[in-house]
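Following: one structure in structure tokens, then a few remarks.
In the numbering used here, the protein residues as written are 1033 to 1346.
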């Protein structure tokens, strides 16, 4: 039987992620990821330079909070959070098979998490009170998935098969005012992996159809949809924004080896395509954020801004 691999990782740029008891900064680049055969995944951290891996905890689908203090991840089909060192685990949901959660994403203020559930709906949970809200409330024939927040936290974008194919929708953070953004004039393609730009004015997303997979950009209202990768022969996937909105990170899959993907960047207009030095198997970027972290040591005076890329792997 073929093994299915699911991986999510966070790539730390500029410095290592400082834990509460950290005193000195390290120049080593750290990668947080989850991987392994299906149902046996774990969350690991690895130095890009030494490639030495250390298991942090059991789980998958990891996401780092915008304040850089916590991880959100899936374990035993349920949503958990912990410190970035894997300590102080808190179980936020309590599912039993066949119910399971997936794709957790922290809100911009790190107070809520949006996630999808096996019943096809999208939920938010308040981290402190554990209060869960069903935002979509659709029946089991509809699948709503891959939710993500707008930069100001007022909107959530997701994809749903409310028509014959999966298209992009946006709703208020409380689930109201759902609007369809794609597939209004052409229902032959499917869209996925949508993310607002840091200023909230643009959306990037993947589109598959007619044997091709490309990356598109459009205005936040769904207008002016432009193909950024029409000059590529290979399949491209899962675009995300840089923290300043000046670059888009994406992957190109090797047609001869589906397990070998390369990370690329380009400008928002599709120009300046360049391959990154870091290659990871099954690499599909999930998030790229800028986080300010301070060491817990007044004498060190260390303060740096770090970038991390959370990558979702299949």
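Glycine included, each C-beta is placed from N, C-alpha and C at the ideal position.
Check: Where residue 1307 and residue 1169 are concerned, what is the direct C-alpha to C-alpha distance, given to the nearest angstrom?
Finding: 41 angstroms
Checklist line | Residues that residue 1169 bridges to, as DSSP identifies them | finding: None, per the DSSP bridge assignment.
Next item on the list: Evaluate residue 1178 with the Cβ neighbour count: other Cβ atoms within 10 Å of its Cβ, from every protein chain shown; 16 or more gives buried, anything less gives exposed.
Entry: buried
Check: Is residue 1095 buried or exposed, if buried means 16 or more other CB atoms sit within 10 Å of its CB?
Finding: buried
Next item on the list: Note down the Cα distance separating residue 1315 from residue 1208, rounded to an integer number of angstroms.
Entry: Here the model assigns residue 1315 a pLDDT of 42, short of 50, so the residue's position is not dependable and the matter cannot be decided.
Check: Do residue 1189 and residue 1182 have their C-beta atoms within less than 9 angstroms of each other?
Finding: yes
Notebook entry, point to check: Looking only at its own chain, which residues have a Cβ that is under 7 angstroms from the Cβ of residue 1198, when we skip the five neighbours before and after it?
Noted result: 1191, 1192, 1222, 1223 and 1224
Item checked: Residues that DSSP places opposite residue 1247 in a beta bridge -> 1238
Check: Who does residue 1128 pair with in a DSSP beta bridge?
Finding: Paired residue(s): none; residue 1128 is not in a bridge.
Notebook entry, point to check: Do you know how far the Cα of residue 1268 is from the Cα of residue 1200?
Noted result: 18 angstroms
Next item on the list: Would you identify the three-state DSSP class for residue 1275, choosing helix, strand or coil?
Entry: coil
Checklist line | Contact between the stretch 1160 to 1168 and the stretch 1212 to 1222 (3+ Cβ pairs under 8 angstroms) | finding: no
Note to self: Just list the residues that DSSP pairs residue 1217 with in beta bridges.
What the structure shows: DSSP lists no partner for residue 1217.
Item checked: Neighbourhood of residue 1134 by C-beta distance below 8 angstroms, restricted to the same chain and skipping five residues each side -> 1093, 1106, 1147, 1148, 1149, 1150 and 1177
Next item on the list: Please look up how many angstroms separate the CB atoms of residue 1284 and residue 1273, rounded, as I've assumed it's under 8 angstroms.
Entry: Their Cβ separation, rounded to whole angstroms, is 18 angstroms, which puts residue 1284 and residue 1273 out of contact at 8 angstroms.
Next item on the list: Rounded to whole angstroms, what's the CA-CA distance from residue 1229 to residue 1243? Just pull it up for me.
Entry: 27 angstroms
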